[in-house]
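Inspection log for the structure reproduced underneath, given as structure tokens.
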Amino acid sequence: PAHTRIRTGDFLISRANTLELVGACVLADRVSRPVFLSDKVLRLVMPEHIKSWMLLVLRSPLGRRQIEQHASGNQLSMRNLSQSNLKGLSVPMPSDDERSEIVRRTSELLAQADRIERAYKAVTTKITTLTPSLLAKAFRGELVPQDPNDEPAAKLLARLRTQPDSGSTNKPKRGRPRATRAKATGTDAP
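Residue numbering for the sequence shown follows the numbering used here, beginning at 404 and increasing consecutively.
If you want it as structure tokens, here you go:
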């Protein structure tokens, strides 16, 4: 039915889910094909200029705390948020100008956080692929210019294998020397 079709700009909120996800909300953006509401999702109707603010508030710690307190049901796996409970949420409403500025600044910061996260993921991906190749180059001696007078590692290893293991039987003992026991003299101490 047409009234259940999701349209661009719809404010949607999960009315039933786990405690962590009940009340999860989204502002539908660029709906490109027919998508319909499920029985677990509510469409909240509100003035257009408030939608971004409501999204911000309901996703904030204040909003999440209220949603979790108002969610009902005794099953941890399925909590419910009724329309009347939604209407009971306390939403701060600053002036239009303040609201717009808060939404604008928050959007900028969230976009910056997304860029930083993408850059971090790209760097960690490069590190995981770079580390093995860096180690391989290090073992091949390709990280720094080689001194032509240096003996190649392969020859050095071969030479070390053929040399007798000098001094392996006369290894110094490690640790402290053992304490010696005094022999009994046969006289008892008084």
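Ideal Cβ placement from N, Cα and C applies to all residues, glycine included. Quick caveat: nothing in here was measured; it's all calculated off a predicted structure.
Under the rule that 16 or more other beta-carbon atoms within 10 Å means buried, what is residue i, buried or exposed?
i, result
"Q469", "buried"
"R436", "exposed"
"G466", "buried"
"L479", "exposed"
"R562", "exposed"
"L484", "buried"
"L474", "Residue 474 is actually Ala in this sequence, not Leu. A474 should be labelled buried."
"R581", "exposed"
"R518", "exposed"
"R502", "buried"
Just confirm the distance between the C-beta atoms of residue i and residue j, as a whole number of angstroms; I'd bet it's less than 8 Å.
i, j, result
"I409", "L445", "Actually they do not touch by this definition, with Cβ atoms about 12 Å apart."
"L430", "F414", "6 Å"
"K454", "A419", "Contact flag wrong, Cβ pair sits at about 22 Å."
"V604", "M449", "Not covered by the structure: residue 604. The range shown for the chain is 404 to 593."
"K540", "L546", "5 Å"
Looking only at C-alpha atoms, which of the options sits nearest to residue i?
i, options, result
"L459", "F542, K490, G426", "G426"
"D499", "P580, H452, F439", "H452"
"T411", "M457, R543, D432", "D432"
"L447", "A474, S475, L489, D550", "L489"
"A405", "F439, K524, C428, H473", "F439"
"C428", "S441, D553, T407, R462", "R462"
With C-beta atoms as the reference, is residue i less than 9 Å away from residue j?
i, j, result
"R482", "T528", "no"
"G544", "A556", "yes"
Margin query: For a minimum of 4 consecutive residues, which ranges assigned as the alpha helix (DSSP H) are wholly contained in the stretch 491-566?
Written below: Whole alpha helix (DSSP H) segments, 4+ residues: 499-543, 556-565.
Next item on the list: Would you list, in sequence order, the uninterrupted beta strand (DSSP E) runs of no fewer than 3 residues that lie entirely inside the stretch 414-456?
Entry: Listed in chain order, the beta strand (DSSP E) runs fully inside the stretch 414-456 are 414-417, 428-430, 444-447, counting runs of at least 3 residues.
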